[in-house]
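If you read the sequences in order, they're chains G and E.
Its first residue numbered 4, the first sequence is counted upward by one per residue in this note's numbering.
Its first residue numbered 4, the second sequence is counted upward by one per residue in this note's numbering.
Where is the CB? At the ideal position from N, CA and C, for every residue including glycine.
Note that the coordinates shown come from a computational prediction; the quantities given were computed from them, not determined experimentally.
Number of protein chains: 2
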Amino acid sequence: MEKNDIKPRKLIFDKEGLQLLAKRLKEIRAEKGISQEELAYRAEMTLSQIARIETVKTNPTVSTIFKIVRALEVPLSDLFNFELPPFSNE
Amino acid sequence: MEKNDIKPRKLIFDKEGLQLLAKRLKEIRAEKGISQEELAYRAEMTLSQIARIETVKTNPTVSTIFKIVRALEVPLSDLFNFELPPFSNE
DNA sequence: AAATATTATAGCACATGTGCTATAATTTGT
DNA sequence: ACAAATTATAGCACATGTGCTATAATATTT
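In structure tokens form, the structure reads like this:
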């Protein structure tokens, strides 16, 4: 009989890296002294999405990051100013 | 009668920014002299996805960018070493 | 020019990002 | 301790990212 080969596609959620991004975002936001709500407003996105990013519940898209960076009025390389860990997909 | 209010959620595809990212990726990949296929292999992702990013057909996630950056053995801030245009959602 | 390598497209399926809305939990200020 | 502000969670719906596979288009080499 034919095998039921379930081929599991591996998508990735890079928790380690996303944690560093979240940390950096919180830092910058704190420096600027603006709330998640205010940032969401300025970036024209939802508070829930900002919160999801900061609590590492989601794997944001590059466009989303671009919006945030613009709203924070900070260079892109500033938000990404951290060292990526070697990678483990746990 | 009740109105058929279609409320159009606005998602964003930041073509301008993504074009710059694509350009930077191509540049780095060229410098390193590796093909899309080789990069895909090293990053453990598909050739099609690399191509989609370089031709601005997709809005990649941060985790995807992390994989690419690791495979290119280049700092994160290097891939993002460009100036974001002010933003237009055409 | 033919062969080979590289890049671009395409379509399907599944997983997930995000908007939207509401509520809960936590922190801050009085 | 209370009130107010801020942050975190949650669930639904829809759009889309990505793997997978195949093929087409283009560029490179011989």
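Enumerate, from N- to C-terminal direction, the unbroken alpha helix (DSSP H) stretches of 4 or more residues contained entirely within the segment 40-71 of chain E.
Fully enclosed alpha helix (DSSP H) runs of no fewer than 4 residues occupy 50-57 of the segment 40-71 of chain E, in order along the chain.
Determine the burial state of Leu28(E): buried for a count of at least 16 other Cβ atoms within 10 Å of its Cβ, exposed for fewer.
Leu28(E) should be labelled buried.
9 Å Cβ cutoff, Pro11(G) in contact with chain E:
At a cut-off of 9 Å, the C-beta of Pro11(G) has no neighbouring C-beta in chain E.
Mind checking the segment 30-60 of chain G against chain E and listing, in chain order, the residues whose C-beta falls within less than 7 Å of any C-beta there?
Across the segment 30-60 of chain G, no CB contact with chain E closer than 7 Å is found for any residue.
Cα-Cα separation between Pro89(G) and Leu79(G), rounded to whole angstroms:
Cα atoms of Pro89(G) and Leu79(G): separation of roughly 22 Å, rounded to the nearest angstrom.
Between Lys97(G) and chain E, is any beta-carbon pair separated by less than 9 Å?
There is simply no residue 97(G) to check, as chain G begins at 4 and stops at 93 in what is shown.
Compare the C-alpha of Ala33(G) against each of Phe85(G), Asn62(G), Glu57(G) and Thr64(G) and name the closest.
Here the closest residue by C-alpha is Glu57(G).
Is the segment 60-67 of chain E in contact with the segment 15-27 of chain G, if contact means three or more CB pairs nearer than 8 Å?
The segment 60-67 of chain E vs the segment 15-27 of chain G: in contact.
Can you grab the Cα-Cα spacing for the pair Lys35(G) / Ile15(E), in whole Å?
The alpha-carbon atoms of Lys35(G) and Ile15(E) are separated by roughly 25 Å.
Taking all protein chains shown into account, decide if Lys26(E) is buried (16 or more other Cβ within 10 angstroms of its Cβ) or exposed.
Label assigned to Lys26(E): exposed.
Chain G contact residues for Leu87(E), given Cβ-Cβ distances below 9 Å
Going along chain G in sequence order, the residues near Leu87(E) (Cβ under 9 Å) are Phe69, Val72, Arg73, Pro78 and Leu79.
For the alpha helix (DSSP H) holding Leu87(G), just list the boundary residues, first then last.
In this chain, Leu87(G) is not harboured by any alpha helix (DSSP H), its DSSP state being neither H nor E.
Using alpha carbons as the reference points, say which of Phe85(E), Arg73(E) and Leu24(E) lies closest to Arg45(E).
Among Phe85(E), Arg73(E) and Leu24(E), the Cα nearest to that of Arg45(E) is on Arg73(E).
Taking 9 Å as the cut-off, decide whether the C-beta atoms of Ile71(G) and Ile53(G) are in contact.
Yes; because the gap between Cβ atoms is below 9 Å, this pair is in contact.
Going by C-alpha distance, which of Val77(G), Pro11(G), Lys13(G) and Leu24(G) is nearest Lys60(G)?
Per the Cα distances, Leu24(G).
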